[in-house]
Amino acid sequence: MSFTGAILQVENLHTHLGDQWLHKGINFSVGRGEVVALIGGSGTGKSVLLRQCIGLTRPSQGKVRLFGEDICALSGRQLNQVRSRYGVLFQEGALFSSMTVAENVAAPLQEHTRLPLKLRNELVAMKIRLAGLPMEAASKRPSELSGGMKKRAALARALALEPELLFLDEPTSGLDPISAREFDHLLRVLCDSLGLTAFMATHDLDTLWGMVDRVIVLYAGKVIANGPVNEVAKLDHDWIRAYFSAHSGRQ
Amino acid sequence: MLQAMTHASPSLECIAAADGCVLKPGGCWCIDELERLDQLLTSTPVPHDCRLKIDASGLTDLDSAGVMLVVNRLRAQGVVWSNVDLADFNAHQLDLIQLVAERLDARGQPRRRRSALLPLLGRKAAEQIRAMVSQFVFFGRLVEAVSEVVRRPRLLRLRELTTQLETVGLNALPIVMLMTFLIGVVFAFLLGVQVQKFGANIFIVDGVSLAVTRELAPLLTAILVAGRSGAAFTAQIGAMKVTEEIDAIATLGLSPIQVLVLPRLLAIIITLPLLTFVGDVMGVLGSSLVAHAQLDITYYTFFERLKSVLPASTVWFGLAKTPVFAAAIALIACRNGFAVQRDARSVGEYTTKTVVQSLVAVILIDSLFAIAFPEGGL
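So the sequences go chain by chain: D and A. Counting in our numbering, the first sequence runs from 1 upward without gaps. Counting in our numbering, the second sequence runs from 1001 upward without gaps.
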């Protein structure tokens, strides 16, 4: 791989939404192998920012670089090529409801590779197991799965093409604490062993403390903090203090 | 990693050593090269009765697909994975190998659901019975809701009713007018050709007025409304079910049937006869146009004749069928809306069902009327 710089780079990004500026000049970058969390209150535009990084919506101003390439300047074809290098885990899983779990996981393989059916099935089975689902889940439809299983199935699909970069929107929301920690652990192991870079929007403090290398805090349209969680938590800022003390009652 | 660029192509060597056997994979062992790897692994015989060591010193890339292939193929050759020594792997690769091998332990491929004939038959039958039961339950709850509203008319949601009246009735007016007008034109034209043969031009009025008011306008309007409003009912209620709005209504202490079904049922029962009457008028108008142009029957003559050959009872008979059509359409549409499951596909499925079922119901009811009252309104 010729490219060695930041895998994801956001430069001076502005977003105009409705009649106000949602993002007012956002800058950050994510290096290879890092697990970075994006936090911020509701309505600060985390999900919008994530969608812009994925190339689903365009920022009003500024650039998003994925693997060094400005995705706003790419043609549809080039963008699709970049898209096969990252996986996305949507908040509700976004599994195709008309397909079984196995078919869902097979879908990206079918579109982007020419593997023979036998190998493809083997890969699908491995991804499903890797995401922590029992093999019986493979032939089920998404509507027959619980929330946690949906997330795992969606993770299996996101990992199908061995991506270098994984985007996650609230990966642990809707999971019970045990499944959430399991999910965190799984993600961390996968990131370490596969050399995966992960960029996630999250609300889960335990995820932050447990598995994240770096935290980026979004507040009033700007990045107000960017660093390891124990340093960010010490910062003297009203919102950050309130955020990190929100759970302190039980600790 | 899906780039066809700088990967070193994979290789595999199996070297016999003193204390067993060393497997030396080289190059890139990842998803891009999977087919080639499969060939390599299946074509390299690995003895399974001696100690096996995998030496990763020549390996440049490794991903989970590569690990899976090694584990699966070696196991297929009878190698016990836990007895394999791993040398020269870095820590991350060891983690990955351990994770994949451990997860692959619970063996198995995604099995397709086999469906033999008998279980399939049973399942379908059970489904049908359940659908029938739920139909009765729905009907019962509807009767309950109606009786409650009759006792306490204030429970009727007037605002919802008026919105439905507007969308089901008023908004459907143009299309109903156009369709019945055109059918009137077509029917008069075809009938005109026939009556001309017998020189019985004036009898076109008898034929057209009877056909339009007794059959064509009621049926056509009902079909239009079934396709238009019936489908909309199912889709609306189904989408609300998907977003749990129906449950929200229930938790507010309201009956979803009262809030959603009754206004729609009433609206369609009220508007279908009205729309049909407009259809009657438009159909007759259309045919009078053709009669004038094709058969030289003046409008005055046409409507004079109409007065004497079309008894009011025929029109009433045609109109009397429509509330029954309407009730059938609303019941089918709403019941299917409530049957929608919580996924995107289901809404489309049940909307299709609604259209098909309500069309069948309308035509069945129409034929029942025709058989039961062969002389009705004549």
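Quick reminder that beta carbons are idealized off the backbone N, C-alpha and C, glycines included.
- Contacts between A1065(A) and chain D, judged by CB atoms closer than 7 Å, involve L123 and E162 in chain order.
- Any Cβ of chain A closer than 9 Å to the Cβ of V48(D) would place that residue at the interface, and such an atom is absent.
- With a minimum length of 4 residues, the unbroken runs of alpha helix (DSSP H) contained wholly in the segment 148-201 of chain D fall at 177-194.
- Between K1321(A) and D1366(A), the CB-CB gap stays under 9 Å.
- By the beta-carbon neighbour count (other beta carbons within 10 angstroms, threshold 16), G1122(A) is exposed.
- When the five nearest sequence neighbours on each side are left out, the beta carbons in the same chain lying within less than 8 Å of the beta carbon of C1014(A) are those of C1021, V1022, L1023, K1024, T1044, P1045 and V1046, in order along the chain.
- One thing to note: V88(D) has its Cβ within 9 Å of the Cβ of D169(D).
- Put simply, the backbone Cα of I1332(A) is about 6 Å away from that of S1358(A).
- Assigned with DSSP and collapsed to three states, I1015(A) falls in strand.
- V1242(A) is not a Cβ neighbour of R1159(A), given a cutoff of 9 Å.
- Residues of the segment 183-200 of chain D with a C-beta less than 8 Å from any C-beta of chain A: V189, L190, D192, S193, L194 and G195, listed in chain order.
- In this structure, G1058(A) and G1026(A) form a Cβ contact; the two beta carbons are roughly 3 Å apart against a cut-off of 8 Å.
- Our two residues, V189(D) and V105(D), have alpha carbons roughly 20 Å apart in a direct line.
- The Cβ atoms of L1034(A) and L1069(A) lie closer than 9 Å to each other.
- Taken through DSSP and simplified to helix, strand or coil, K46(D) comes out as helix.
- Within chain A, the C-beta atoms nearer than 9 Å to that of S98(D) come from D1343, A1344 and R1345, in chain order.
- Taking the Cα positions, A1126(A) is about 10 Å away from M1132(A).
- Contact check between the segment 170-180 of chain D and the segment 193-204 of chain D: three or more CB pairs, one atom from each, fall below 8 Å, which counts as touching.
- In terms of beta-carbon proximity, E1035(A) lines the interface with chain D, with at least one pair separated by less than 9 Å.
- DSSP places E11(D) inside the beta strand (DSSP E), whose first and last residues are L8 to L17.
- If you look at L1155(A), you'll find it isn't in any alpha helix (DSSP H); DSSP assigns it neither H nor E.
- By the Cβ rule, the segment 81-98 of chain D counts as touching the segment 43-63 of chain D, because three or more pairs are nearer than 8 Å.
- Between A1222(A) and A1330(A), the C-beta spacing is not below 9 Å.
- Between G1184(A) and V1212(A), the alpha-carbon positions lie close to 7 Å from each other.
- Taken through DSSP and simplified to helix, strand or coil, A225(D) comes out as strand.
- Across the segment 131-143 of chain D, CB contacts with chain A closer than 7 Å involve M135, A138, S139, P142 and S143, in sequence order along the chain.
- When C-alpha distances from V1080(A) are compared across T1060(A), D1063(A) and L1104(A), the shortest belongs to L1104(A).
- A1101(A) and I1257(A) have their alpha carbons spaced roughly 54 Å apart.
- Distance from the CA of K150(D) to the CA of L95(D), rounded to the nearest whole angstrom, comes to 8 Å.
- CA-CA distance, A125(D) to L117(D), rounds to 12 Å.
- Around the beta carbon of N1171(A), fewer than 16 other beta carbons sit within 10 angstroms, so the residue counts as exposed.
- Note on the segment 82-147 of chain D: whole beta strand (DSSP E) runs with a minimum of 3 residues are 86-89, in chain order.
- Under DSSP, K1197(A) shares a beta bridge with no residue.
- Interface residue (Cβ-Cβ distance to chain A less than 9 Å): L115(D) is classified as such.
- In terms of CA proximity to L1262(A), F1233(A) leads the group G1238(A), F1233(A), D1296(A) and A1248(A).
- At a cut-off of 9 Å, the C-beta of L159(D) has a neighbouring C-beta in chain A.
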